[in-house]
Amino acid sequence: MSGPEPRRPREGHGGTGPGAIAPDGCSVEVYIRLPAGDEPDVVASAVPAGASLLEPGCGTGRVTHPLLERGFAVTAVDESPRMPEHVRGARTVCSPIETLELDERFDAVLLSSFPVHAGDVRVRDALLRACRRHVADDGCVLVQREGEDWRERVPRERRAGDGLVRIAAADPTGDPKVSAVRCEYVFPDATWTQTFLSRRMDRAEFEEAPAGAGLAVDAYLTDDRTWVRALPAG
Ligand SMILES: C[S@@+](CC[C@H](N)C(=O)[O-])C[C@H]1O[C@@H](n2cnc3c(N)ncnc32)[C@H](O)[C@@H]1O
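Have a look at this one:
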C-alpha cells in the first residue's frame with residue numbers, strides 16, 4: 000500500500016477508506032482495482048496510430064496502460080504523487096493540471112474522468128487552457144463529460160471488477176448548478192467514499208467552455224455524447 004498523500008484536499012473534495020486519498024478525494028487503492036472501460040478504444044478511434052498523448056489526471060494508469068499497449072506514447076500527469084507511482088512504461092509528471100508547463104506539444108491531450116465539470120469555473124477554465132497550451136496546433140483535445148441525464152439518475156450503481164461503484168447522492172450546494180456528489184466504492188474487503196463538487200453543464204454550456212480556452216468542439220465521439228473531440232480554434 001502506498002504512503003500517505005502529502006497534498007491537502009481540494010475544497011469540496013474528500014474521501015474515506017484505506018490507503019492514500021488524492022486531493023480530489025480519489026483513493027489510490029480503488030483506482031488500482033478498477034478495470035479500464037471503453038476509454039482506450041474511444042481514444043484509439045479518435046487519434047492517429049502511434050500518436051503522442053498527454054494524459055492529465057492519469058491516476059494509477061488504469062487507462063494509461065492499455066493506451067501504451069496500443070502503441071501510443073503517453074506522458075501521464077497527476078497532482079498526487081501517490082497515484083503515478085503505479086504507472087509503468089510512461090513518462091510521469093507530478094503537477095496540478097492547471098499550472099502544468101511542459102516544454103512540449105502533444106498530438107492529443109486527454110481530459111478524461113470529468114474534471115471539465117469542476118465546481119469552480121475558474122478551475123475548469125484553467126484545465127482547458129492547460130490542454131490548449133499542450134496540444135499541437137494540428138492536434139486535438141479529447142474531453143470526457145457527464146452523461147446528460149446523469150443528475151436525474153441518482154442513486155445509480157454499476158459493477159466494476161469485483162466491486163460496485165455507486166453514485167449515492169448529488170446534494171445541492173449554494174450554487175444551483177453545482178452538486179456535492181457522493182460516490183461509494185464497495186469491494187468485498189473494504190469500502191471507500193469520494194465526495195466532490197460537480198458543475199452541471201447542458202450541451203450549449205459545455206460547448207461554450209472550450210471556446211474561452213481557444214478550443215472548439217469538433218465532434219461527439221460516442222452515442223451518449225460523453226466523449227468529445229475539441230480542436231485548437233483559428
Ligand atoms: C477520478 S481519478 C481518474 C484517474 C484516471 N483518469 C482513470 O480514469 O483511471 C482522477 C485523478 O486525477 C487527479 N486529478 C484530479 N484533479 C487534478 C488536477 N487538477 N490536476 C492534476 N491531477 C488531478 C487525481 O489525483 C486522480 O488521480
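Number 157 in numbering that gives the first Met the number 0 belongs to position 158 of the sequence shown; there are no gaps in the numbering.
Just so it is clear, CB atoms sit at the ideal spot from N, CA and C, and this is done for glycine as well.
Local conformation of residue i per DSSP, three classes
i	result
C263	Because the chain in this structure spans residues 0 to 233, residue 263 falls outside the shown range and cannot be described.
R9	coil
L99	coil
A212	coil
T15	strand
A75	strand
D106	strand
S44	helix
V251	The structure shown does not extend to residue 251, since the chain spans only 0 to 233, so no value can be given for it.
F195	strand
E145	coil
P3	coil
R32	helix
V177	strand
T59	coil
V27	helix
D124	helix
A203	helix
Contact set for residue i: own chain, Cβ-Cβ below 7 Å, skip 5 residues either direction
i	result
R9	P22, D23
A50	F71, D106, A107
L66	P39, V42, L52, V73
T221	V41
Own chain residues within Cβ distance below 8 Å of residue i, not counting five before or after
i	result
R212	Before going further, note that residue 212 is Ala rather than Arg in the sequence given. D124, L127, R128, C130, R131.
R202	E147, R224
Integer Cβ distance of residue i from residue j, believed to fall under 8 Å
i	j	result
E54	A75	5 Å
E183	T172	Not a contact, Cβ separation roughly 19 Å.
A19	R61	Actually they do not touch by this definition, with Cβ atoms about 16 Å apart.
P34	G160	5 Å
P231	V134	6 Å
A168	G11	Not really, about 14 Å apart at Cβ, beyond 8 Å.
Own chain residues within Cβ distance below 6 Å of residue i, not counting five before or after
i	result
V120	none
Q218	The question names Gln, but residue 218 in the sequence shown is Ala. R228.
M0	Note that M0 scores 49 on pLDDT, short of 50, meaning its location in the model is unreliable; the coordinates nonetheless yield the value given after this. Cβ within range, chain order: G18.
I96	P55, L126, A129
G13	G24, T194
S197	H116, S178, V180
Contact test: residue i Cβ vs ligand 1 heavy atom, cutoff 7 Å
i	result
C25	yes
P55	yes
V76	yes
S230	The sequence shown places Leu at residue 230, rather than the Ser named in the question. L230: no, Cβ never under 7 Å from ligand 1.
E28	no
E100	no
R61	yes
S112	yes
L126	yes
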